[in-house]
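For the protein sequence lines, the chains are A and B, in the order given.
Using my numbering, you'd call the opening residue of the first sequence number 37 and step up by one each time.
Using my numbering, you'd call the opening residue of the second sequence number 37 and step up by one each time.
2 protein chains.
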Amino acid sequence: MTVTSDPQTQPGTASGARIERYDTRLRDFGALLPAHPSGRSAAAVPPRRGVSFWRESLTLMEQYLTFGRRKVRADDTIYRCGEAFDTLFLISTGLFKVVNLAPDGREQPAGLYFKGDWLGFDGIPTGRHGCSAIALDTGEVWTVRYDALLQASVREPMLMRVMLAAMSGQLARNRDAMLAMGTLPADARVADFLLQWAHALAERGLRTDQINVHMTRADIGNYLGLTLESVSRALSRLARCKVIEFNEKGRRDISIPNLQALSDFIQSVTDPAGRVLQ
Amino acid sequence: MTVTSDPQTQPGTASGARIERYDTRLRDFGALLPAHPSGRSAAAVPPRRGVSFWRESLTLMEQYLTFGRRKVRADDTIYRCGEAFDTLFLISTGLFKVVNLAPDGREQPAGLYFKGDWLGFDGIPTGRHGCSAIALDTGEVWTVRYDALLQASVREPMLMRVMLAAMSGQLARNRDAMLAMGTLPADARVADFLLQWAHALAERGLRTDQINVHMTRADIGNYLGLTLESVSRALSRLARCKVIEFNEKGRRDISIPNLQALSDFIQSVTDPAGRVLQ
DNA sequence: CGCCACTTTGAATTAGCTCAAATTCCGTGG
DNA sequence: CCACGGAATTTGAGCTAATTCAAAGTGGCG
């Protein structure tokens, strides 16, 4: 895929993380598809993602809502599958996983969540949580009662827009995760996992060259539909190919010297034959 | 959310959409799925997505919004990846698939959508669609401008609740699909696919004993992360085990004589060891 | 009737899993 | 400070399930 350099790339984000290079799936699409002539509503709905997005969430929350703060440590449970739902959680700091489990005991991490993400949406339709949310690190969440949020959003519609965008963003992330699980071989799946992680960090203005994976190989494996051995092997292979590096002292810290290289690695797996152009 | 289900709302809608008949079959489902008290999760899998749920969407829409109707035929595109987003689509009748495609050309159906489901959420955060939605059959969608919907939902908060519940329901479905992809072997994955399909039909008061899969084996395979051959083999095996039956004339019509048997089949694969009871 | 796309089935290949052993990390207590 | 033990990780060696490749069968539709 030729990287159609994009007309107006963000010059520089607030923090030093400029990975803008990574093909945010969506942007390249614009170029990839038949140029769609009816571009009338380009400005109708402003693109609402990126660094300013999560910040907006937090800011709006502070302005228009009363909410609680809750500090958490690693392995704390935010909510548990089966509990009654009445409040949502907005992540202020920290890292969280949500795990889904089937009645027969099958279990799988269903997503990773960062600063600015919401937790608890899964309880909305039924009034009862369908997953559990667990902290992977120390952090803080802001708690908002769902009803209060709905009421506040009548006064301040932007609040609702932000929340809808957040939900929709989760949908998109899930879809991408499914795509990876369904179409990528093990190595590339692990690479994609790291890339998405870096992507999520970059979106929030955090550094992406140094990732601390607060998960065991088993957790990663579950998340990706692989065994822990496969994850370990994949990471070793990625390290051997120099697309990642293990930080000395502790193999849980992973460096990504070059995001593009990681992205290319995934490409190279999907295009096994030397496809010259297109 | 307390569903104020009044058995007979709108007597006859303008369009002949005669759905009514709150169906008790769904209750059977509620009993069917969480029936497995294996371990702790008796309540772990809550009654997912209420029945009258989709009905409410359609009713509220009619009351509080102006919307367009659009009839579609098989293979029509509702929206295409990359197009600008400004309207949402509520499915009145028919069956739709949403396909996600990565910049490198990898493609995967990301979900199936039925009566009462919304299409188009994926455009919210970015203002541009990240997937394409395609009709698998003739049907009708109601179109609503996103901005109009937000405004209307200020006047009628229930509208927002319904929409949020719909989004959240999609999140749950995606999570379940991921779980299946990540934890089930091929045969069970196909079985689960059929079971979820039946489940979706039951939720809407449609018959579940006779499913017409309007998808090719290749589509199903893509959706489940399998090859078309694997899907074909899996279906053959399921038929051999009598948990499904092919309708004579056309292997695209599948009968499920006994949903419980299908469910048991999945169980039996996940508990390979002769686990006597529990 | 005949073409074409979809499907089924078989045989060979392989990616990823299971089983098993060795190694490293980290907290705990001497 | 160092020794110890448990947990996480790495790596290897078969094995199995799913893929790939290939060929034959079926149905729909002009």
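Note that CB positions come from ideal geometry on N, CA and C, so glycine has one too.
Rounded to the nearest angstrom, how far is the Cβ of B/G337 from that of B/L207, given a contact under 8 Å? A question about residue 337 of chain B goes unanswered here, because the residues of chain B that appear run from 37 up to 314.
Under the assumption that A/D158 contacts A/G147 (Cβ atoms under 8 Å), give the Cβ distance between them as a whole number of angstroms. Actually they do not touch by this definition, with Cβ atoms about 10 Å apart.
Test: B/I256 CB closer than 9 Å to a CB of chain A: no
Quick check on DSSP: helix, strand or coil for B/F121? Coil, per DSSP.
Rounded to whole angstroms, what's the CA-CA distance from A/A80 to A/Q99? Just pull it up for me. For A/A80, the predicted model reports a pLDDT of 35, less than 50, meaning its position is unreliable; a value from the coordinates is still stated below. If you take the alpha carbons of A/A80 and A/Q99, they lie about 25 Å apart.
Pull out every residue of the segment 145-162 of chain A whose Cβ sits closer than 7 Å to any Cβ of chain B, in chain order. A146, F157, D158, I160, P161, T162
Tell me the rounded alpha-carbon separation between B/R106 and B/D173. 13 Å
Name the residue from A/T252, A/A234, A/R273, A/D300 whose alpha carbon lies nearest to the alpha carbon of A/I292. A/A234
Could you confirm whether any beta carbon from chain A is found closer than 9 Å to the beta carbon of B/R276? no
Is the Cβ of B/L207 closer than 9 Å to any Cβ of chain A? yes
So, under 8 Å CB-CB, A/V13 and A/L298 are touching, yes? Tell me the CB distance rounded to an integer number of Å. One cannot answer for residue 13 of chain A here, as it falls past the ends of chain A, which runs 37 to 314.
Just the chain B side, please: which residues come within less than 7 Å of A/L230 by C-beta, in chain order? Residues of chain B passing the Cβ test: none, with the nearest at roughly 16 Å.
Between which two residues does the beta strand (DSSP E) holding A/V135 run? 132-137
Amino acids of chain B, ordered along the chain, whose beta-carbon sits closer than 8 Å to that of A/A213: M214
Would you tell me roughly how many angstroms separate the C-alpha atoms of A/R211 and B/A120, rounded to the nearest one? 19 Å
Name the one or two DSSP bridge partners that A/K18 has. The structure shown does not extend to residue 18 of chain A, since chain A spans only 37 to 314, so no value can be given for it.
Anything in chain B within Cβ reach of A/T219, meaning under 9 Å, just list it in chain order. A138, R142, E143, Q144, N258, G261
May I ask you to list, following chain order, the residues of the segment 192-204 of chain B that have a beta carbon less than 9 Å from some beta carbon of chain A? P193, M196, R197, M199, L200, A201, A202, M203, S204
When the Cα atoms are used, what is the spatial distance from B/I170 to B/L131? B/I170 and B/L131: Cα-Cα distance of roughly 9 Å.
Since B/V267 meets chain A, which of its residues come closer than 9 Å, beta carbon to beta carbon? Per Cβ cutoff of 9 Å: no residues; B/V267 is ~13 Å from chain A at best.
By the criterion of Cβ-Cβ separation under 9 Å, what are the contact partners of A/T306 in chain B? A138, D140, G141, R142
List the residues that DSSP assigns as beta-bridge partners of B/L237. DSSP output for B/L237 lists no bridge partner at all.
Return yes when the Cβ of A/V180 is within less than 9 Å of the Cβ of A/S128, no when it is not. no
Would you call the CB atoms of A/G261 and B/G218 closer than 9 Å? yes
Show which residues of chain B have a CB atom less than 9 Å away from the CB atom of A/Q296. Correct list: empty, because the minimum Cβ distance to chain B is about 14 Å.
Proximity winner among B/A110, B/E281, B/A222, B/N248, relative to B/Y259 (alpha-carbon distances): B/A222
Where A/L137 and B/Q303 are concerned, what is the direct C-alpha to C-alpha distance, given to the nearest angstrom? Rounded to the nearest angstrom, the two C-alpha atoms are 14 Å apart.
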